[in-house]
Amino acid sequence: MARPRRPEDLAAQLTETIAPRAKSLIITVYGDAVLPHGGSLWLGSLIELMGLFGMSERIVRTSVFRLCKDDWLTNTQIGRRSFYRVTESGKERFAAAERRIYAPLAREWDRGWDLLMVPPNALDAETRDALRRELTWQGFGAASATVYAHPNCDEAAMHRSLAELGVADRIVHMKASLDRAEGFGALRDLVRGCWDIDQLEHDYAAFLDHFRPVWAAVDAAGAPDPAACFVLRTLMIHDFRRILLRDPMLPPDLLPADWPGQESRMLTRNLYRRLAGPSEAFLMQAATTANGPLPEAQPAFQGRFGGLETIAAG
767 MARPRRPEDL AAQLTETIAP RAKSLIITVY GDAVLPHGGS LWLGSLIELM
817 GLFGMSERIV RTSVFRLCKD DWLTNTQIGR RSFYRVTESG KERFAAAERR
867 IYAPLAREWD RGWDLLMVPP NALDAETRDA LRRELTWQGF GAASATVYAH
917 PNCDEAAMHR SLAELGVADR IVHMKASLDR AEGFGALRDL VRGCWDIDQL
967 EHDYAAFLDH FRPVWAAVDA AGAPDPAACF VLRTLMIHDF RRILLRDPML
1017 PPDLLPADWP GQESRMLTRN LYRRLAGPSE AFLMQAATTA NGPLPEAQPA
1067 FQGRFGGLET IAAG
């Protein structure tokens, strides 16, 4: 039997394979690692952290500038040092994503649906495209050009998006429930028309191919390198987030047999529990805020995936 590869080797390989964009990866680092510790980081620390992924100082500076323009981060200058903190708007967006990414495995469906109705000619082409992109990232499917559907949406995030786009008073939000009298056949066909299930299935399968070897490597390493654990944890959440935020989280009755989404979530939970301790130790040592070292993580951090203290190997 082949010996599992070292976590450090897999961290380098996955960085190249996943090839994350700097701006998007910084969002992952802030949402997953920095925000639980207060949401602020010295630019020098961020440059060092991003250097672990092969990002240059120039690309990091350019990316944080753009994130400030997009109202994700805000800059505070203290002497010659710049510190970047998550904005209130950024916190709201991170909170909406966090409710989906770090949710426990069990999810109940009450057979209800949220429908968003866009009256004909209510929006110009640019606003209509922006609305479609935003709703797609929240897991909505387009039942038609003017109707979007979701079986389990985050209503707070949905209403915030409509308000930010300036269309809250032009979109009709309705609730519907599934009539099971005719079974699931027609609904499964509708689901395939609303969402690209095949692409989601392909992406989840690729995610499993990427990170199953990481589980084997970390399990065999005993005490893996903390910096490598930080890189692997970040890449895993980055890749998982990219898929999950397009996933409407449909109930099993509406999905293909052997759907890899739940298996991907289970692997993410188990691997996150193994990586959290050493990666947190590395982060606490490597990162600096305007007030000195990072503060301890907020208690909610330990509640991710149903509880990080329940180590998978236990």
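The working numbering numbers the first residue of the sequence shown as 767 and each following residue consecutively.
No residue lacks a Cβ here, since even glycine has one placed at the ideal position from N, Cα and C.
C-alpha distance - residue 791 paired with residue 1004, whole-angstrom precision: As a working mapping, residue 791 is identified with position 25 in the sequence shown. As a working mapping, residue 1004 is identified with position 238 in the sequence shown. Cα to Cα, residue 791 sits roughly 7 Å from residue 1004.
Distance, Cα to Cα, residue 1049 vs residue 996? Position 283 of the sequence shown holds residue 1049. Position 230 of the sequence shown holds residue 996. Straight-line Cα distance between these residues: approximately 8 Å.
Under the assumption that residue 882 contacts residue 914 (Cβ atoms under 8 Å), give the Cβ distance between them as a whole number of angstroms. As a position in the sequence shown, residue 882 is number 116, starting the count at 1. As a position in the sequence shown, residue 914 is number 148, starting the count at 1. Indeed they touch by this definition, with Cβ atoms about 4 Å apart.
Using the Cβ count rule (16 or more neighbours within 10 Å means buried), how would you classify residue 932? Taking the sequence shown and counting its residues from 1, one reaches residue 932 at position 166. The residue is exposed, with fewer than 16 neighbouring Cβ atoms inside 10 Å.
Rounded to whole angstroms, what's the CA-CA distance from residue 938 to residue 1008? Just pull it up for me. The count along the sequence shown starts at 1 and reaches residue 938 at position 172. The count along the sequence shown starts at 1 and reaches residue 1008 at position 242. Rounded to whole angstroms, residue 938 to residue 1008 spans 28 Å at the Cα level.
Within its chain, find whatever has a CB closer than 8 Å to the CB of residue 980; leave out the 5 residues flanking it on each side and keep chain order. Along the sequence shown, one-based indexing puts residue 980 at 214. So the qualifying residues of the chain are 773, 776, 780, 998, 1002 and 1037.
Out of curiosity, what's the CA-to-CA distance linking residue 957 and residue 924? Counted from its first residue, the sequence shown places residue 957 at position 191. Counted from its first residue, the sequence shown places residue 924 at position 158. The alpha-carbon atoms of residue 957 and residue 924 are separated by roughly 20 Å.
Tell me the rounded alpha-carbon separation between residue 994 and residue 945. Translated into positions along the sequence shown, residue 994 becomes position 228. Translated into positions along the sequence shown, residue 945 becomes position 179. Spanning the two alpha carbons is a distance of roughly 50 Å.
Would you list, in sequence order, the uninterrupted beta strand (DSSP E) runs of no fewer than 3 residues that lie entirely inside the segment 859-896? Segments of the beta strand (DSSP E) lying fully in the segment 859-896: 878-883.
Does the segment 810-823 come close enough to the segment 853-867 that 3 or more CB-CB pairs lie under 8 Å? No: the two stretches stay apart, fewer than three of their Cβ pairs being nearer than 8 Å.
Sequence-distant residues of the same chain with beta carbon closer than 7 Å to residue 855, five excluded per side: Against the sequence shown, residue 855 aligns to sequence position 89. Apart from the 5 residues on each side of it in sequence, residue 855 sits with its Cβ closer than 7 Å to the Cβ of 837 in its chain, given in chain order.
Selected residue, minimal CA-CA separation from residue 878, among 885, 899 and 920: Walking along the sequence shown from the start, residue 878 turns up at place 112. Closest option to residue 878, Cα to Cα, is 920.
In chain order, which continuous runs of the beta strand (DSSP E) of length 3 or greater are located wholly inside the segment 938-992? The qualifying runs are 938-943.
Residue 819 (DSSP reduced to helix, strand or coil): Taking the sequence shown and counting its residues from 1, the one referred to as residue 819 is at position 53. Note: residue 819 maps to coil in three-state DSSP.
Whole-number beta carbon distance between residue 849 and residue 807, since they are thought to touch under 8 Å: Counting from one through the sequence shown, the residue named residue 807 turns up at place 41. Counting from one through the sequence shown, the residue named residue 849 turns up at place 83. Right, the Cβ-Cβ distance comes to about 7 Å (below 8 Å), so this counts as a contact.
Report the CB separation of residue 1012 from residue 902 in whole angstroms; it is logged as a contact under 8 Å. If you number the sequence shown from 1, residue 1012 lands on position 246. If you number the sequence shown from 1, residue 902 lands on position 136. Indeed they touch by this definition, with Cβ atoms about 7 Å apart.
With a cut-off of 8 Å on the beta carbons, I'd call residue 1060 and residue 803 a contact; round off their distance for me. As a first step, residue 1060 is located in the sequence shown; it is residue number 294 there, counting from the start. As a first step, residue 803 is located in the sequence shown; it is residue number 37 there, counting from the start. Correct: roughly 4 Å between the Cβ atoms.
With DSSP run on the structure shown, which of helix, strand or coil describes residue 808? Residue numbering aside, residue 808 sits at position 42 when the sequence shown is read from its first letter. The answer is strand: DSSP assigns residue 808 an E or B state.
Specify the secondary structure class of residue 1067 as computed by DSSP and reduced to three states. Locating residue 1067 in the sequence shown gives position 301, where the first residue counts as 1. Note: residue 1067 maps to helix in three-state DSSP.
Please report how far the alpha carbon of residue 1047 lies from the alpha carbon of residue 943, in whole angstroms. Position 281 of the sequence shown, counted from the first residue, corresponds to residue 1047. Position 177 of the sequence shown, counted from the first residue, corresponds to residue 943. If you draw a straight line from the Cα of residue 1047 to the Cα of residue 943, it comes to about 47 Å.
CB-CB under 8 Å to residue 830, same chain, minus the five flanking residues each way: which ones, in chain order? As a first step, residue 830 is located in the sequence shown; it is residue number 64 there, counting from the start. Counting only Cβ-Cβ distances below 8 Å, and skipping sequence neighbours, we find 792, 809, 812, 839, 841 and 850.
What whole-angstrom Cβ distance do residue 974 and residue 1029 have, given they're in contact under 8 Å? In the sequence shown, the residue the question calls residue 974 occupies position 208. In the sequence shown, the residue the question calls residue 1029 occupies position 263. The Cβ separation is near 6 Å, so the contact holds.
In terms of residues, what are the limits of the beta strand (DSSP E) holding residue 847? To locate residue 847, count along the sequence shown from 1; it is residue 81. Residues 847-852.
One question on the structure: do residue 1040 and residue 868 come within less than 8 Å of each other, judged by their Cβ atoms? As a working note, residue 1040 is residue 274 in the sequence shown. As a working note, residue 868 is residue 102 in the sequence shown. Going by C-beta atoms, residue 1040 is not nearer than 8 Å to residue 868.
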